[in-house]
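Novice: The end of the sequence shown is residue 1139 by the numbering used here, with every number in the run present.
Even glycine gets a Cβ: it sits at the ideal position worked out from N, Cα and C.
Since the model is a prediction, treat every value here as computed from it, not as a measurement.
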Amino acid sequence: LRIVVLISGSGTNLQAMIDQIHRGDTPARIVAVISNKAEAYGLKRAEQAGIPAEVLSHRGYASREDYDRALQQLIDGYQPDLLVLAGFMRILTDAFTRHYQGRMINIHPSLLPRHKGLNTHQRVLEAGDPEHGCSVHYVTAELDGGPVILQASVPVEASDTPESLAQKVHEQEHRIYPRVIDWIARGRVRLEDDTVLFDNQPL
Ligand code: GRF
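1) Using a Cβ-Cβ cutoff of less than 8 Å, which residues in the same chain neighbour Ala1006 once the five nearest sequence positions on both sides are dropped?
2) Is the separation between the beta-carbon of Gln1087 and that of Ser1071 shorter than 9 Å?
3) Would the beta-carbon of Asn972 be found less than 8 Å away from any heavy atom of ligand 1?
4) Which stretch, first to last residue, makes up the alpha helix (DSSP H) that contains Leu1099?
5) Please confirm whether Ile1120 and Leu1018 have their CB atoms less than 9 Å apart.
6) In terms of alpha-carbon separation, which member of Leu1028, Asp1002, Gln1009, Gly1082 lies closest to Pro1049?
7) Go to Asn1042, then tell me how far its alpha helix (DSSP H) extends in each direction, as first and last residue.
8) Is Asn949 near ligand 1, with its Cβ less than 8 Å from a heavy atom?
9) By DSSP's criteria, Glu926 is part of a beta bridge. Which residues make up the other side?
10) Please report the straight-line C-alpha distance between His1051 and Asp1012, rounded to a whole angstrom.
11) For Gln951, tell me which candidate among Glu983, Leu937, Glu1062 has the shortest Cα-Cα distance.
12) Which word fits Gly1123, buried or exposed, when buried means at least 16 other C-beta atoms lie within 10 angstroms of its C-beta?
And the structure:
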């Protein structure tokens, strides 16, 4: 399975994927890492792992459509089977999400459908939720709205802060994202008509 990973930041999820693939049991290869930010630390992680790392800054593009078209061209040059969003902090156009429908996944730091969008840890505390977590999902045109593949939950304690929750959730992200990639690489998971199929059974 040829994978392209999109990032904007530190890339700890990218690192978890690199580590899992280097352990050798996932039939996948990360063929490129692309960031919209030149200073993203994840680019260094890619270079250290011998993976081509590219920057395509969104600055200088007149519209979101223009940028997404350029991004699509760059990505498709690597002929990926799967596009993985790992902290890529941009809203994608409909045309872009349609192009990769069923071939693009994202990880979101909440138990979707709760808390789509930003600042999820803060919002979980404000809402008094007893639990929090993360979700890996197929990407559709609706922001953080695509079909969920796998979630992990963590309990919310009275002593928790946005920072402590972020840390607990991140640990779970590093467990579940590589696992989903392994499933997809083995052909165990796919999307068909907006339904996630696991070993050919609806989830
Ligand atoms: C994660 O919290 C993920 O849920 C969100 O962006 C963050 C990326 O973190 N989509 P990292 O760059 O992988 O460390």
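Specialist: The answer reads as follows:
1) The residues Leu992, Tyr997, in chain order, have a CB closer than 8 Å to that of Ala1006 in the same chain once the five nearest residues on each side in sequence are set aside.
2) Taking 9 Å as the cut-off, the beta carbon of Gln1087 is found closer than this to the beta carbon of Ser1071.
3) Flag unset: Cβ of Asn972 not near ligand 1.
4) Sequence inspection shows Glu at residue 1099; the Leu mentioned does not correspond to that position. Glu1099 -> alpha helix (DSSP H) spans 1098 to 1121.
5) Yes, they are a contact pair.
6) Of the residues Leu1028, Asp1002, Gln1009, Gly1082, the one whose Cα lies closest to the Cα of Pro1049 is Gly1082.
7) Residue range 1040 to 1044 is occupied by the beta strand (DSSP E) that includes Asn1042, with no alpha helix (DSSP H) assigned at that position.
8) With a cut-off of 8 Å, the C-beta of Asn949 is classified as near ligand 1, since at least one heavy atom of the ligand falls inside that distance.
9) The requested residue 926 does not occur in the structure, where the chain is confined to residues 937 to 1139.
10) Going by the C-alpha atoms only, they are around 31 Å apart.
11) When only C-alpha atoms are compared, the closest one is Glu983.
12) With fewer than 16 Cβ atoms within 10 Å of its Cβ, Gly1123 is classed as exposed.
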